[in-house]
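> Each protein sequence line maps, in turn, to chains H and A.
When we follow this note's numbering, the leftmost residue of the first sequence carries the number 1, and every step to the right adds one.
When we follow this note's numbering, the leftmost residue of the second sequence carries the number 1001, and every step to the right adds one.
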Amino acid sequence: MDFGRFFVELYMARWALLQGLGVTLVISAIAIVLGTLLGIGVGLSLVYGGKVQRLLVRAALEYVRGTPVFVLILACYYLLSQVGIQLTAFQAGLVALTVFCSSHVGENLRGALLALPKGQTEAAKAIGLTFRQTFVYVLAPQALRQALPAWINTAAEMVKASTLLSVIGVLELMLATRQVISRNFLSLEFYLLAGIVYFLISFSIERFGRHVERRVALPS
Amino acid sequence: MTNRVLEIESLHKQFGEVEVLKGVDLDMESGDVVSIIGSSGSGKTTLLRCVNLLEDFQQGSIRIDGQEIGYTPMPERRRRKEAEIARQRAMTGMVFQQFNLFPHMSALGNVTLGLTKVKKLPKAEAVAVAERWLEKVGMIERRNHYPGQLSGGQQQRVAIARAIAMNPKIMLFDEVTSALDPELVNEVLNVIKSLAAEGMTMLLVTHEMKFAYEVSRRVVFMNQGRIEEQGAPADVFRNPRSTRLAEFLKNAKF
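Printed below as a string of structure tokens:
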């Protein structure tokens, strides 16, 4: 490995790579936020929805979870344009990641809610709380704590899944790296660099997650 | 005028095909302490849960303080609306076998939740009421502890405070010492005894025969979804009329 040459090339490519990193972070962050909101809707529908609503959401969820993210991304980009919805690569990628994220969050929240002991709902009802109050003050605070570790995992997963957006031409860190390599042919060095950057992002999310978990942990 | 706090009339309850309550009648006056005994599967817990509207029932009526709960009066029997049911549930206080404290709230938080959200008391007032009851059950020093930091007996005492702080017309106790280690049973029974002495109307399902004997004004023996026998504790325990009750008492622990 020729470090001198690598650093020269890295310096020349710095803006391209930083821009790619920026796109990766932005699209992942938006997908996590929107996917979480949508996923909460999915989870609530699965647990509290009517029969028809449950069935429809469950069918959509199974479809999304049974499809590779890669296919989901291609579908959002190519299929949606076929039915007249013209999205840029960034928008299509965002839709795909959001849907993917919401399927994880929804399933996870459903599990967390169903895992709560029935006695919690009964005790809340017994003191006269309405269903809404029971959910807000008793069930949600416990379910969210329970769902937190898996949610953090999902967030890190989103960042990694965003690399797949390079196939539809979203200029995120992966595609930016490949473009740089196609100019200087230092594939080993720059892939390694990209790998380290992705690792650092995931690692930071995990650390931050553990920190939050400790903050909200119940004393025992 | 009689002061009927609870009137259960011809209560029928089915779980699918299985009829677990086959016409139960039970009246309680203000200050009454009634213990329900009977083997498991006799319907005693289900009866209690019907009074708290945690179970629906198919026939018959339950009135608390003269108000028909859960359903509109016959002939047009209709399940009441959610908000109405929630309000009626607050007229009864329930203490569960498994305590069911909210693990994400301190002892104080557990007791104030209903006071602020259901009774809509201002925070300071809710805290004052809660602290009075936590004092009463001997838990005031642990008011900032979380359920995970309390023993079973302590949790159950907080659960009693949580229920009674809502100022219910009647307190329901569902085998509240069954999940406790033997050495913790008495601290909970003593709290219940002191509430009984103060005139709280209470309906208890219990396996503690000695306790039922000491605390109740009336003991009700349930068998296969019916009340088989009832009366003053001394009569029920000393001179059982039905063979089933005699059989049950022979096998029960005192």
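Backbone N, C-alpha and C define an ideal beta-carbon position, used for all residues, glycine too.
#1: Comparing the C-beta of L113 (chain H) with each C-beta of chain A, is any distance below 8 Å?
#2: Any chance the CB of Q86 (chain H) is under 7 Å from a heavy atom of the ligand SAM?
#3: Given a cut-off of 8 Å, decide if M1222 (chain A) and G1016 (chain A) are closer than it, judged by their beta-carbon atoms.
#4: So A121 (chain H) packs on T130 (chain H), CB below 8 Å; how close in whole Å?
#5: Just to make sure I have the definition right: I need the residues of chain H whose C-beta is within less than 8 Å of the C-beta of G1114 (chain A). Which are they?
#6: When you compare the stretch 1148 to 1155 of chain A with the stretch 161 to 178 of chain H, are there three or more beta-carbon pairs, one atom per stretch, that lie closer than 8 Å?
#7: Rounded to the nearest angstrom, how far is the Cβ of A1196 (chain A) from that of V1215 (chain A), given a contact under 8 Å?
#8: In the DSSP assignment, find the beta strand (DSSP E) that holds V1033 (chain A) and state where it starts and stops.
#9: Does the CB of M1001 (chain A) have a neighbour CB from chain H at under 8 Å?
#10: Could you tell me whether the Cβ of P68 (chain H) comes closer than 8 Å to any Cβ of chain A?
#11: S1014 (chain A) bridges to which residues according to DSSP?
#12: Beta-carbon separation of M1166 (chain A) and V1118 (chain A) under 8 Å?
#13: Tell me, please, which residues DSSP counts as bridged to R1004 (chain A).
#14: Does N965 (chain A) come out as helix, strand or coil in the three-state DSSP assignment?
#15: Comparing alpha-carbon positions, which option in H:L10, H:G4 and H:T88 lies nearest L193 (chain H)?
#16: Consider the Cβ of P149 (chain H): report whether some Cβ of chain A lies at a distance smaller than 8 Å.
#17: Which residue or residues does DSSP assign as beta-bridge partners of F1173 (chain A)?
#18: E1082 (chain A) versus chain H: which residues are under 7 Å apart at the beta carbon?
#19: Can you pull the chain H neighbours of R1063 (chain A), defined as C-beta to C-beta under 7 Å?
#20: Suppose you measure from the CA of E1183 (chain A) to the CA of L1189 (chain A); what does that come to, to the nearest Å?
#21: Write down the C-beta distance between F1096 (chain A) and A123 (chain H) rounded to the nearest angstrom, noting that I regard them as a contact closer than 8 Å.
#22: Using beta-carbon positions only, say whether R61 (chain H) and V83 (chain H) come within less than 8 Å of one another.
#23: How is Q1058 (chain A) classed by DSSP in three states: helix, strand or coil?
#24: Cβ of K1117 (chain A) less than 8 Å from any chain H Cβ?
#25: Beta carbon of T953 (chain A), beta carbon of V1005 (chain A): below 8 Å?
#26: Keeping to the same chain, check which residues put their C-beta closer than 7 Å to that of F6 (chain H); ignore five residues upstream and five downstream.
#27: Does the beta carbon of E213 (chain H) sit closer than 8 Å to a beta carbon anywhere in chain A?
#28: For the stretch 1086 to 1112 of chain A, which residues have a beta carbon sitting closer than 7 Å to at least one beta carbon of chain H?
#29: When the Cβ atoms of the stretch 176 to 183 of chain H are set against those of the stretch 11 to 26 of chain H, are three or more pairs found closer than 8 Å?
#30: Excluding sequence positions up to five away, which residues of its chain have a Cβ less than 6 Å from the Cβ of K1193 (chain A)?
#31: Would V221 (chain H) pass as a contact of T154 (chain H) if the rule is Cβ separation under 8 Å?
#32: I'd like to know if the stretch 105 to 119 of chain H and the stretch 1067 to 1078 of chain A are in contact, where contact means that at least 3 CB-CB pairs between them fall below 8 Å.
#33: Taking the alpha helix (DSSP H) that V1127 (chain A) falls in, what are its first and last residues?
#34: Could you tell me how far apart the beta carbons of S1035 (chain A) and T1206 (chain A) are, in whole angstroms, since I believe they sit closer than 8 Å?
#35: I think Y137 (chain H) touches L1113 (chain A), with their Cβ atoms under 8 Å apart; what is that distance to the nearest whole Å?
#36: Between which two residues does the alpha helix (DSSP H) containing D1235 (chain A) stretch?
Taking the definition as stated:
#1: no
#2: Of ligands this structure carries none, so the ligand SAM is not represented either.
#3: no
#4: A small correction: the amino acid at residue 121 (chain H) is Thr; Ala does not occupy that position in the sequence shown. T121 (chain H) to T130 (chain H), Cβ: 12 Å. No contact.
#5: I127, G128 and L129
#6: no
#7: 5 Å
#8: V1033 to I1037
#9: At M1001 (chain A), the pLDDT of 49 sits below 50, so the modelled position is not reliable; the number obtained from the coordinates is stated separately. It does not; no Cβ of chain H falls within 8 Å.
#10: no
#11: Looking at the sequence provided, one finds Gln at residue 1014 (chain A) rather than Ser. A:E1019, per the DSSP bridge assignment.
#12: yes
#13: A:E1029
#14: Residue 965 (chain A) lies beyond the residue range present for chain A, which begins at 1001 and ends at 1254; the question has no answer from this structure.
#15: H:L10
#16: no
#17: A:V1095 and A:L1204
#18: T130 and F131
#19: Going along chain H, no residue has its Cβ under 7 Å from R1063 (chain A), so there is no contact; the nearest lies around 18 Å.
#20: 11 Å
#21: 6 Å
#22: What sits at residue 61 (chain H) in the sequence shown is Leu, not Arg. No; because the gap between Cβ atoms is not below 8 Å, this pair is not in contact.
#23: coil
#24: yes
#25: Missing from the structure shown is residue 953 (chain A); chain A here goes from 1001 to 1254 and no further.
#26: L186 and E189
#27: no
#28: A1086, R1087, R1089, A1090, M1094, F1096, Q1098, N1100, F1102, P1103 and H1104
#29: yes
#30: V1215
#31: Since the displayed chain H opens at 1 and closes at 220, residue 221 (chain H) lies outside it and no answer follows.
#32: no
#33: K1123 to K1136
#34: 5 Å
#35: 6 Å
#36: P1233 to R1238
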